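**Student:** Mapping to my numbering: the sequence shown position 334 is 386, numbers consecutive. C-beta: ideal position from N, C-alpha, C; glycine also. If you're wondering where the values come from, they're calculated on a predicted model, not measured in any experiment.
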Amino acid sequence: SQVVATGQVITTQVKKGPFDIYVNATGELKAKRSVKIRGPEGMRSVGIYQTTISNLIPEGTVVKKGEFVASLDKTELASKMTDVQTEIEKIQTQLAQAKIDTAIEMKEIRDQIANLEFSMQQEKLEIEKNRFEPQMIIEESRLKLEKSERDYAQLQEKLKLKKIQSDAKIEEIDANMRLQNNKMTQYNAVASGFNVVAPDDGMVIYDRNWNGKKGPGSQISAWDPVVAELPDLSEFISVIYVNEVDISKVKKGQSVKIKVDAFPEKVFDGLVNDVANIGQQLRNQDAKVFEVVVQVNEADSVLRPAMTTSNEVLVYSYDDVLSVPLEAYQKNDSIEFVVVKVGNGFVKREVVGHVSNSDEIVIAAGLDETDLVCLTLPDNQAELTLEKLDLEIKNQALEQIKVANSERARKESENASKVKDEPFQRDQSNTGGMIIIG
């Protein structure tokens, strides 16, 4: 509609026709499906909770399954492996020494037993020789033999106990050795994963964290050791972040026009596929935003993950309604009104407003398409007469709004029900590159 300046007051004609409500937001392309390229899964089991990417092939490189993708810093792991190797060598020394000590101690006891056996033979011969001697001499020889026999039994028991003790000590050392060998086996298994290879054929796209893309020097966590991914380039989604003020307008099944900033002449059709229930705080953003997943309905060879997108979500479209610019709409003490030019003067006219978009508001009652409404108020606006709406007309308009809202809710529910529920892993990194524009 044409905007006209009348004196100091700017007016425009009421518009009649279709009225569209949009929510605009920037986003980022992601492959709908991708294979994660992961570092070693067992880092936590060996006490390593993060490591650094030392080397990473250029983003966009096409790789075959099993080809090199990245290497990770092994400094902490190498230190642990050195400690374990030192411990293994120490245990080997302990084991060898324990075997030597046991052999020496048991030889001493066996020598004592052999000597005692010889003495006992001598004492038995002595008793035989002294059998015709006085009883006192015979008793003395017999007691001497009994003592030797007791000593012999004690030495045999001592030998048995020493064997049990030495076996237990060696078993303890062996157990420690097995523990350290198991550790080394674990470390070697984890170490093999520090040279990261492609799990499949594809194009390498860097993973992102809260601080942007991962690359050489970036940290990866033991809880989520993703280095990069191999996206399926046949199907994309645009992940957008909608301000908490607008999120209630965005529903599954709404159509979206998507532009890729790198190719602004191309426009792709999309569909809202998923709306997050919980908001998040993005880096450099004051307001909370909600993640919305938009299915890109078209394939194009120019599309690549991480491209920035501009997304226009069509919230709802009304076919034939009256609307005025938001600047013309006023509300005081629950009275909605606009200032209308009548002849050479102006009047305040009560209206019933309905929905609005970023520029205009639908007027359900109080105006017709021939009216001129003021975008700037006349100097005497405080003295202007208020033309109140007929109560019956006002109530009819409010009832029509209820019907329209009900119909809108029905259509939104119907559209949402047509969207196939698909699992989508939400990005936990809170990437800070998104900027809300609408």
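Just checking, does the stretch 413 to 431 make contact with the stretch 443 to 451 on the three C-beta pairs under 8 Å criterion?
**Tutor:** yes
**Student:** With a CB to CB cut of under 8 Å and the five nearest residues on each side skipped, what residues in its chain are close to Leu-339?
**Tutor:** Here the sequence assigns Ala to residue 339, which means Leu is not the residue at that position. These residues qualify, in order along the chain: Asn-295, Glu-296, Val-297 and Ile-488.
**Student:** If we ignore side chains and look at the alpha-carbon of each, how far apart do Thr-361 and Leu-285 end up?
**Tutor:** If I take the Cα positions, the gap works out to 16 Å.
**Student:** Nearest to Ile-289 by CA position, among Asp-276, Ala-250, Met-158 and Lys-311, is which residue?
**Tutor:** Minimum Cα distance to Ile-289 is reached at Lys-311.
**Student:** In three-state DSSP terms, what is Gln-306?
**Tutor:** Assigned with DSSP and collapsed to three states, Gln-306 falls in coil, not helix or strand.
**Student:** Kindly list the residues whose CB is nearer than 6 Å to the CB of Thr-437, restricted to its own chain and excluding five residues on each side of it in sequence; keep chain order.
**Tutor:** Closer than 6 Å at Cβ, skipping near neighbours: Val-399.
**Student:** Residues bridged to Leu-282 by DSSP?
**Tutor:** Val-87
**Student:** Can a CB atom of chain B be found closer than 7 Å to the CB of Glu-128?
**Tutor:** Looking at the structure shown, chain B is missing, and only one protein chain is on hand.
**Student:** How would you write the range of the alpha helix (DSSP H) that Arg-162 sits in, first residue to last?
**Tutor:** 127 to 181
**Student:** Starting from Ser-218 and walking both ways along the alpha helix (DSSP H), at which residues does that stretch end?
**Tutor:** 187 to 244
**Student:** Along the chain, where does the beta strand (DSSP E) containing Gln-271 start, and where does it finish?
**Tutor:** Counting along the chain, the beta strand (DSSP E) containing Gln-271 begins and ends at 271 to 273.
**Student:** For Ile-216, count the other beta carbons within 10 Å of its own beta carbon; 16 or more makes it buried, fewer makes it exposed. Which is it?
**Tutor:** Sixteen is the threshold: since fewer than 16 other Cβ atoms of the shown chains lie within 10 Å of the Cβ of Ile-216, the residue is exposed.
**Student:** Buried or exposed: which applies to Ser-369, given that a residue is buried once 16 or more other Cβ atoms fall within 10 Å of its Cβ?
**Tutor:** exposed
**Student:** What span of residues does the beta strand (DSSP E) with Gln-448 cover, start to end?
**Tutor:** Under the DSSP assignment, Gln-448 falls outside any beta strand (DSSP E), being part of the alpha helix (DSSP H) whose first and last residues are 443 to 469.
**Student:** Nearest-angstrom Cα distance between Ser-375 and Leu-323?
**Tutor:** 27 Å
**Student:** By Cβ distance below 8 Å, which residues in the same chain neighbour Glu-201 in space, the five residues on each side in sequence not counted?
**Tutor:** Met-172
**Student:** Give me the Cα-Cα distance between Lys-303 and Ser-386, rounded to the nearest whole angstrom.
**Tutor:** 29 Å
**Student:** Can you tell me which of the three DSSP states Ser-290 falls into?
**Tutor:** strand
**Student:** Helix, strand or coil for Glu-364 per DSSP?
**Tutor:** strand
**Student:** Thinking C-alpha only, which one of Ala-227, Ala-456, Gly-91 and Thr-104 is nearest Gln-146?
**Tutor:** Ala-227
**Student:** Whose CA, out of Ser-123, Glu-141 and Ile-100, lies closest to the CA of Ser-131?
**Tutor:** Ile-100
**Student:** Ordered along the chain, which non-local residues of its own chain (more than five positions away) have a Cβ less than 7 Å from that of Gln-480?
**Tutor:** The pLDDT assigned to Gln-480 is 46, lower than 50, so where the model puts this residue is not dependable, and the model offers no usable value.
**Student:** Under a Cβ-count criterion, where at least 16 other Cβ atoms within 10 Å of its own Cβ denotes burial, should Leu-450 be classed as buried or exposed?
**Tutor:** Result: exposed.
**Student:** For Ile-330, which three-state DSSP category applies?
**Tutor:** Ile-330 falls in the coil class under three-state DSSP.
**Student:** According to DSSP, is Gly-98 part of a helix, a strand, or is it coil?
**Tutor:** A quick correction: the sequence has Val, not Gly, at residue 98. It is helical.
**Student:** Going by other Cβ atoms of all chains shown within 10 Å of its Cβ, with 16 needed for buried, is Lys-393 buried or exposed?
**Tutor:** buried
**Student:** Quickly, what does DSSP pair Gln-65 with across the bridge? List them, please.
**Tutor:** Leu-424
**Student:** Would Gly-79 pass as a contact of Val-291 if the rule is Cβ separation under 7 Å?
**Tutor:** yes
**Student:** Are the CB atoms of Lys-82 and Pro-357 within a distance shorter than 7 Å?
**Tutor:** yes
**Student:** Is the CB-CB distance between Val-365 and Phe-71 below 7 Å?
**Tutor:** no
**Student:** Using 8 Å as the threshold, is the stretch 160 to 177 in touch with the stretch 225 to 243, meaning 3 or more CB pairs across them?
**Tutor:** no
**Student:** Find the nearest neighbour of Asp-252 within the set Gln-102, Lys-117 and Lys-463, judged by alpha-carbon distance.
**Tutor:** Lys-117
**Student:** Which residue marks the beginning of the beta strand (DSSP E) containing Val-345, and which one marks its end?
**Tutor:** Run containing Val-345: 341 to 348, per the beta strand (DSSP E) assignment.
**Student:** How far does the beta strand (DSSP E) with Gln-382 in it reach, from first residue to last?
**Tutor:** 382 to 384
**Student:** Once you ignore the five residues that flank Val-114 on each side, which residues in its own chain have a CB closer than 6 Å to its CB?
**Tutor:** Contacts found: Met-255.
**Student:** Closer than 6 Å by C-beta to Glu-218: which residues in its own chain qualify, once you throw out the five before and the five after it? Chain order, please.
**Tutor:** The sequence as given places Ser at residue 218; Glu does not occur at that position. Within the same chain, and ignoring the five residues on either side of Ser-218 in sequence, the residues whose Cβ sits closer than 6 Å to its Cβ are Thr-154.
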